[in-house]
Amino acid sequence: MTAVETRTLVEWRYLRPEDVARLKSYEFAPRLLVEGYLAGRHRSPERGRSVEFRDYRGYAPGDDVRSIDWKVLARCERYFVRLFEEETDVVAHVFLDSSASMGFGGVPTKLEYSSFFAAALCFLVTRCSDKVSLTLFDDGIRKHVAPGGSRYHLTELMHVLEHNRPGRETRLSSALRKMFPLLRKKGILVIVSDFFDSLPDIFASLNMYLHRGHEVVLFHVLAPEEMELAGSGQARFRDMENSSEVEVFLPGIKKAYRDKITAFIRNMRTAARKKGIEYVFAGTDTHYFRLFERYLKKRGAV
Amino acid sequence: MLMWLTGLALLPVLAHLFARRKPPRRDFPDVRFLNELARQAKRFERPRDMLLLAMRTLAVLFLAAAFALPVYYPAGRMFSSGGAHDVVIIVDRSLSMQYAPAGVRHFDQALARARGIIDGLPPGSRADLVWLDSSPAPFTGKLTDNLASLRNELERGTASYSDAKPAAALRSAARMLTDENRTREIHVISDFQATNWRDVNVRAAVPREINVVMLAVDRHQPGNVAVASVSVSPSVAIAGENVMVSARVVNYSAENRSVGILVKTGGFHRQDELYVPPWGEAEALWCVTVETPGEQPVEVSISRDRLAADDARFAVIQVRRALSAALAGKGGSLRFVSHALAAMHVDAVSLDVHATPTMQTPAEEAADANAPPQPFDVLMAAGVPFRDVSAHVDYQGAVLFMDETPAAYAADASRHSLELPEGHELRVGGIIGGRKWRGGKKAEAFHLDGVKDEIFDVFSGGSAGDFSSPAIYAYRQIEAPPGAKVLLFYQDDNRTPALMRLDLPGGRVLYIWNISLSPDSSDFAGSNVFLPLLGEIISRCRRPMEKRVMPPGVAPSFILPPEADTSAVLLKPPYSPAYAPRLTMKGGGVEALLEPMDVPGIYTLEAAGRPMAVFAVNPPLSESDLRPLSFDGGGSVVLVPADVSMSALREGVRLWPPLIAAALALLAAESLAAAFLRPRQEDNL
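Residue numbers (my numbering), protein chains in the order written: chain A, 419 to 720; chain B, 7 to 691.
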């Protein structure tokens with residue numbers, strides 16, 4: 419066992435003890451029913467064994483004779499099989515944008531902020547005996563941790579988050595396409611990113627997940643410094659992802675830039691709503707707990 | 007020098023380039039939006055940078071140029087300020103110089119400039135003055151150092167109403183500048199009207215050694231509306247006849263003009279409104295009935311504008327009691343003609359053909375040789391040798407009737423020809439057809455195809471008769487002499503002329519009438535077309551009046567009629583008191599010699615209060631178009647704008663103060679632009 423693994427949970431950078439204490443009052447509840455192999459707290463559309471009666475159907479050869487309702491047989495001399503709701507666990511797939519642009523911002527950077535949020539999310543999911551996977555991506559898949567719900571699994575996730583660093587360009591659409599074959603079981607797809615990629619490509623990639631029945635939640639993380647350009651006079655900006663430079667006269671473009679970034683957020687929100695995707699805007703100057711409150715309140719889970 | 011200036015011009019460019027601070031570099035997550043905005047902003051920034059660069063460059067150039075202490079000579083360096091000069095000043099005083107765009111006439115501006123030239127002459131200079139009008143002449147005729155006399159002449163100078171002859175004025179000035187040892191200059195002060203100056207070749211009139219300075223008065227784009235012409239038709243009217251008075255108004259400006267136009271003649275007064283298009287013209291027409299014999303002035307005027315001298319124009323209608331006709335010859339035709347003339351109230355006088363020179367004794371011929379021929383409007387001749395008769399009659403038009411076989415023609419039958427005035431010859435043949443009572447057959451109707459003449463205008467409506475109605479039984483076969491215009495002809499194989507017109511020297515006209523008026527040969531005299539046709543011919547044979555409409559500056563004379571009281575002869579000019587003209591004896595009569603008529607208007611010559619003659623003086627039309635010529639004489643001919651003073655012309659204009667001021671202004675503007683231009687553009691994005 420490595421030194422990292424021997425540390426207790428409360429020592430992790432992105433999951434501080436005071437946050438853990440506060441997160442215990444939250445519950446991560448999916449909006450949709452998800453399927454799962456393990457019976458759990460979440461109802462599944464698969465009818466199975468449980469105490470919750472759902473319906474009758476006619477007996478067919480091959481059915482377990484134990485499921486025949488004998489009382490009905492006694493009353494109407496016909497064979498009916500009792501169907502029950504089956505409870506299953508939730509799998510949450512967390513996609514964390516680890517491109518170079520996520521390294522932008524003051525304290526915290528967008529990546530740090532997103533990591534705090536992802537850590538808390540993983541904690542919440544595992545605390546509810548559900549499973550969570552974590553995928554770090556930039557222009558490709560940098561790291562993927564398969565779904566798991568154990569304490570050890572959570573420790574591994576914290577370890578991955580702690581050692582994550584900003585990488586190269588954002589290619590969310592590419593990452594989604596690559597991960598699709600691995601996420602066969604439907605669940606909740608949580609994407610935390612600044613979404614500086616082609617919006618049509620992103621939503622085209624999300625179509626596959628939506629078709630499979632995944633619930634998709636987009637957390638759009640932006641720093642205040644990129645919402646509102648600061649400074650005056652002439653300025654040179656270097657793209658953190660492709661190193662291209664542009665020189666602008668700040669007083670001349672501030673308002674226009676603000677309009678453009680606002681339009682970008684509005685386009686994201688509109689496109690997400692059209693697809694039935696949850697969209698949450700996250701400014702790094704807002705505590706990520708507020709995101710949970712905002713999101714879970716919307717879902718009626720708080 | 008140019009190299010240095012170029013080097014200096016590079017300084018601000020380099021300063022502009024190096025003054026650009028390298029802006030701080032910032033890492034940014036995504037610059038796609040910034041790229042888009044930068045592309046948009048560059049569309050504005052590039053011109054702004056170029057503007058700043060241009061202002062800086064110009065400022066430095068101006069400063070550098072100012073250090074060279076430049077002086078600008080509007081007329082070049084040919085006008086040195088030192089040394090004595092021989093100068094001739096030509097001052098335009100033509101009618102157009104009366105144009106007063108801002109209350110001050112161009113002529114007054116010209117006088118002021120002339121005084122300035124005289125005052126600015128170096129000591130020892132000599133000068134003279136030439137007034138530029140229709141007959142330019144020098145003031146003294148030779149150069150004088152008595153400049154005070156020139157100043158006095160300028161004080162007395164008045165504008166004229168005539169046009170200008172610039173070439174004559176230049177030649178007159180050049181003739182005085184003969185001393186090759188002195189600096190010779192001609193200063194022309196004018197509005198340089200294109201109509202007067204277009205064809206002037208300065209160098210053809212003035213030798214190259216003489217400097218010519220064209221000093222323009224205020225040459226802003228002028229506008230003028232003028233009465234361009236007034237005409238009366240007929241100019242010689244018969245009492246009771248309708249006279250058409252027409253006036254043409256021209257707009258020499260780029261705007262539409264609405265002018266009130268007033269006509270006054272006799273008791274007829276009428277005012278109308280006339281719309282004249284830009285650079286176009288409009289015509290007004292009035293019908294006036296003249297009742298009283300005599301000479302009647304016509305005045306057409308429009309509302310006054312800044313050039314009032316051409317806002318009125320004049321004409322004269324000569325009203326006569328009746329037309330006069332002389333009848334020469336005998337035969338049936340003249341009998342019908344005399345009846346027709348009486349019906350038309352034409353004063354007809356029958357000439358005794360036996361008293362013609364060819365039939366007089368030599369003593370009688372000698373006695374009549376000095377007598378002036380009796381004037382008539384029309385001469386009607388039939389059966390007489392026309393050349394002999396017409397030589398002793400003063401007529402404007404004549405009608406020669408080709409009657410059927412008169413004795414005079416019979417005598418000439420061997421040649422079958424008839425001599426006309428001025429060597430014209432009429433070939434005459436036999437008779438076609440026969441007498442009515444001998445079963446003569448009606449000839450073909452007259453044919454008018456292809457014949458267009460104003461005498462047939464009256465028949466166009468059909469109410470004045472039809473040429474196909476009269477029956478013709480016999481007519482003479484003739485050939486049209488060279489130069490004659492056939493107006494009517496018979497529809498036979500030869501297209502025999504029935505009526506011809508022959509234009510004679512002196513504006514006279516001869517009609518050859520080959521339609522028998524005898525009832526034996528035709529019933530034309532009884533047809534409804536005879537009287538209108540004869541009337542139209544006679545009305546075109548009116549004697550023209552003496553020339554009574556003239557340009558300014560003409561000094562006409564007038565021979566008073568014998569019955570006039572020569573003891574109290576007065577000429578009444580417009581706007582000034584009447585004066586008694588000089589009278590001389592001429593040809594047994596009294597001739598009044600009038601002084602030049604300079605002012606446009608109506609001049610009336612009276613004898614004992616009775617009007618004898620009316621003269622109309624009109625402004626020259628060429629003066630109404632005020633557009634100046636873009637004058638470029640080349641060489642030592644320089645056009646100096648109106649706002650350049652004479653001292654500036656000689657000593658030059660110091661340019662460094664305005665250059666320094668311009669450089670400072672540019673630098674201030676550049677600072678303001680650099681400070682304020684950028685933030686202002688924020689809202690544009």
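We treat Cβ as the ideally placed atom computed from N, Cα and C, and that holds for glycine.
- In the structure shown, the three-state DSSP call for M576 of chain A is helix.
- Ranked by Cα distance from L579 of chain A, the first of A:V499, A:L624, A:H562, A:R595 is A:H562.
- In the DSSP assignment, the residues bridged to E665 of chain A are A:R654.
- When secondary structure is reduced to three states using DSSP, H571 of chain A falls in the helix class.
- Within chain B, P29, P30, R32 have C-beta atoms less than 7 Å from the C-beta of A653 of chain A, given in sequence order.
- With a beta-carbon spacing of about 5 Å, E587 of chain A and D557 of chain A fall inside the 8 Å limit used to define contacts.
- Following the DSSP letters along the chain, one finds G122 of chain B in no beta strand (DSSP E) but inside the alpha helix (DSSP H) bounded by residues 112-125.
- For A234 of chain B, the enclosing beta strand (DSSP E) starts and ends at 230-239.
- Counting C-beta pairs closer than 8 Å gives three or more between the region 473-490 of chain B and the region 526-540 of chain B, which meets the contact rule.
- Counting the other CB atoms within 10 Å of its CB gives Q199 of chain B a total of 16 or more, which places it among the buried residues.
- The Cβ of F682 of chain B sits no closer than 9 Å to any Cβ of chain A.
- C293 of chain B sits in a strand when the DSSP states are folded into three classes.
- Residues H511, Y627, H632, V634 of the same chain have their beta carbon placed closer than 6 Å to that of L607 of chain A, with the five preceding and five following residues left out of the count.
- Buried is the label assigned to A700 of chain A, since at least 16 other Cβ atoms lie within 10 Å of its Cβ.
- Closest in C-alpha terms to A180 of chain B, from the list B:R162, B:A143, B:A154, comes B:A143.
- Look at F637 of chain A: its C-beta is not under 9 Å from any C-beta on chain B.
- Look at F555 of chain A here: in three-state DSSP terms it is strand.
- Contact between A622 of chain A and R32 of chain B does not hold, since the beta-carbon distance rounds to 33 Å and is not under 8 Å.
- Ranking A:L514, A:F534, A:D473, A:R493 by CA distance to the CA of E436 of chain A puts A:F534 first.
- Judged by DSSP secondary structure, T201 of chain B falls outside any beta strand (DSSP E) and instead within the alpha helix (DSSP H) spanning 200-203.
- Taking F655 of chain A as the centre and dropping the five residues before and after it, the same chain places the C-beta of V664 closer than 6 Å to its C-beta, in chain order.
- When the beta-carbon positions are compared, A388 of chain B and G439 of chain B stay at least 9 Å from each other.
- The beta-carbon of E646 of chain A is placed no less than 9 Å from the nearest beta-carbon of chain B.
- The residue from B:A90, B:V596, B:S141 with its alpha-carbon nearest to that of T150 of chain B is B:A90.
- A direct Cα-to-Cα measurement between R554 of chain B and E247 of chain B gives close to 20 Å.
- Identification of chain B residues near V610 of chain A by a Cβ-Cβ cut-off of 7 Å yields none; the smallest Cβ-Cβ distance measures about 15 Å.
- With contacts defined as CB atoms closer than 9 Å, L426 of chain B and I484 of chain B fail to qualify as a contacting pair.
- Taking the beta carbon of P35 of chain B as reference, the chain A residues within 7 Å of it are S519, F522, D612, F614, E644, M658, listed in sequence order.
- Note that the region 283-291 of chain B does not touch the region 314-326 of chain B; fewer than 3 beta-carbon pairs, one per stretch, sit closer than 8 Å.
- The residue from B:A681, B:S528, B:G429 with its alpha-carbon nearest to that of P511 of chain B is B:G429.
- In this structure, L647 of chain A sits away from K693 of chain A, with a CB-CB distance that is not shorter than 9 Å.
- Its chain contains L333 as the residues whose beta carbon lies nearer than 6 Å to that of S356 of chain B, once the 5 sequence neighbours on both sides are disregarded; these appear in chain order.
- Here DSSP, grouped into helix, strand and coil, assigns L329 of chain B to coil.
- Proximity to K603 of chain A across A:L590, A:H571, A:G585, A:P565 peaks at A:P565, based on C-alpha coordinates.
- In the DSSP annotation of this structure, the continuous segment of the alpha helix (DSSP H) that includes S155 of chain B starts and ends at 153-162.
- Judged by DSSP secondary structure, P618 of chain A falls within the alpha helix (DSSP H) whose first and last residues are 617-630.
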